[in-house]
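Accompanying notes for the structure given below.
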Amino acid sequence: MVTVYTVTYNEEYIIKFFVNHYRKKFPDCNIVIFDNFSTDDTVKIARSLGCVVEYYNTNDTFSDKKIIDIKNNCWKDSETEWVIVCDCDELIQINEEQLKKEEKNGHTIFKFNGYNLMNFNDNILENISYGWPDEAYNKILLFNKTKIKEINYNYGCHEAYPIGISKYCNEYNMYHYKFLGLEHTIDRYKKFSKRLSNENIELGLSLHYFMTEEEITKLYKNNEGNLIKVK
61 MVTVYTVTYN EEYIIKFFVN HYRKKFPDCN IVIFDNFSTD DTVKIARSLG CVVEYYNTND
121 TFSDKKIIDI KNNCWKDSET EWVIVCDCDE LIQINEEQLK KEEKNGHTIF KFNGYNLMNF
181 NDNILENISY GWPDEAYNKI LLFNKTKIKE INYNYGCHEA YPIGISKYCN EYNMYHYKFL
241 GLEHTIDRYK KFSKRLSNEN IELGLSLHYF MTEEEITKLY KNNEGNLIKV K
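According to my numbering, the sequence shown holds residues 61 to 291 in order.
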């Protein structure tokens with residue numbers, strides 16, 4: 061019924077959690093990973109879990125332009141009617157039974173209410189339950205490819221301009237597992253800042269990865285007392 065598409069680079073910390081989440085929500089789903097030549101065990105883990113792995117090359121840079129091209133086109137040859145196009149840290153909160161109900165109601169496209177989750181206590185992803193709503197992550201991540209002919213994501217996929225029969229459903233949440241501990245976040249931001257393509261920098265894309273340790277630490281401290289239980 062569903063094919064899940066995502067892009068990866070060194071996501072061994074979350075890839076099993078990601079796959080298990082979508083297999084629980086959609087037991088028979090196909091999962092296709094477009095990997096940017098990860099240097100860790102992302103691909104090994106993904107294949108061991110039955111995922112299809114395709115590679116894409118950006119000469120060891122992080123390229124939003126390439127990612128947007130993948131996400132706008134990877135699903136067009138899907139053998140399933142429904143497709144999920146998301147990042148590896150984006151987990152939508154809808155299951156197969158709910159999707160069938162919404163399909164009967166005529167819905168063809170889903171825009172999810174985004175929540176950033178933040179980890180303070182341990183490294184067990186399943187235990188993270190606090191965060192905050194973030195309208196920037198209210199994203200279109202699930203749609204019926206027989207009804208939607210073009211999805212037309214912009215950079216970061218924060219907005220999309222679909223072409224086709226668009227009857228929206230906005231009733232479900234998406235949990236964004238981005239802030240998984242202070243040290244993890246600092247390390248990840250440093251590594252991604254070093255890989256940003258010249259084109260990204262020229263266009264001002266993904267420049268949040270240039271945040272300093274002090275800025276990231278302040279972000280954590282500012283949010284620590286303002287978190288709400290979201291799941």
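Note that beta-carbon positions come from the ideal geometry of N, C-alpha and C, so glycine has one too.
Everything numeric in this text was worked out from a predicted model, so none of it was measured.
Contact under 8 Å by Cβ, residue i with residue j
i	j	result
residue 235	residue 291	yes
residue 68	residue 98	yes
residue 156	residue 86	yes
residue 266	residue 256	yes
residue 167	residue 229	yes
residue 93	residue 113	yes
residue 118	residue 61	no
DSSP-derived helix/strand/coil call for residue i
i	result
residue 236	strand
residue 229	strand
residue 122	strand
residue 279	helix
residue 223	strand
residue 131	helix
residue 284	helix
residue 136	helix
Burial state of residue i (16 or more Cβ within 10 Å)
i	result
residue 106	buried
residue 65	buried
residue 185	buried
residue 63	buried
residue 149	buried
residue 270	exposed
residue 223	exposed
residue 191	buried
residue 272	exposed
residue 104	exposed
Candidates the options: closest to residue i by CA position
i	options	result
residue 215	258, 263, 222	263
residue 287	65, 155, 175, 167	175
residue 134	258, 209, 275	209
residue 197	152, 159, 62	152
residue 73	92, 240, 213	240
residue 179	164, 130, 245	245
Going along the chain, which unbroken runs of the beta strand (DSSP E) with 3 or more residues stay wholly within the region 156-187?
As far as the region 156-187 is concerned, its whole beta strand (DSSP E) runs of at least 3 residues are 169-171, 173-178.
Ordered list of alpha helix (DSSP H) runs contained in the region 241-277, each at least 4 residues
Qualifying alpha helix (DSSP H) stretches, in chain order: 242-255, 258-263.
Every unbroken beta strand (DSSP E) within the region 186-211, with a cutoff of 3 residues, ordered by chain
You should have 190-193, 200-204, 208-210.
In the region 64-116, which residue ranges form an unbroken alpha helix (DSSP H) of at least 4 residues, counting only runs that do not cross its ends?
DSSP runs (the alpha helix (DSSP H)) wholly in the region 64-116: 75-85, 102-108.
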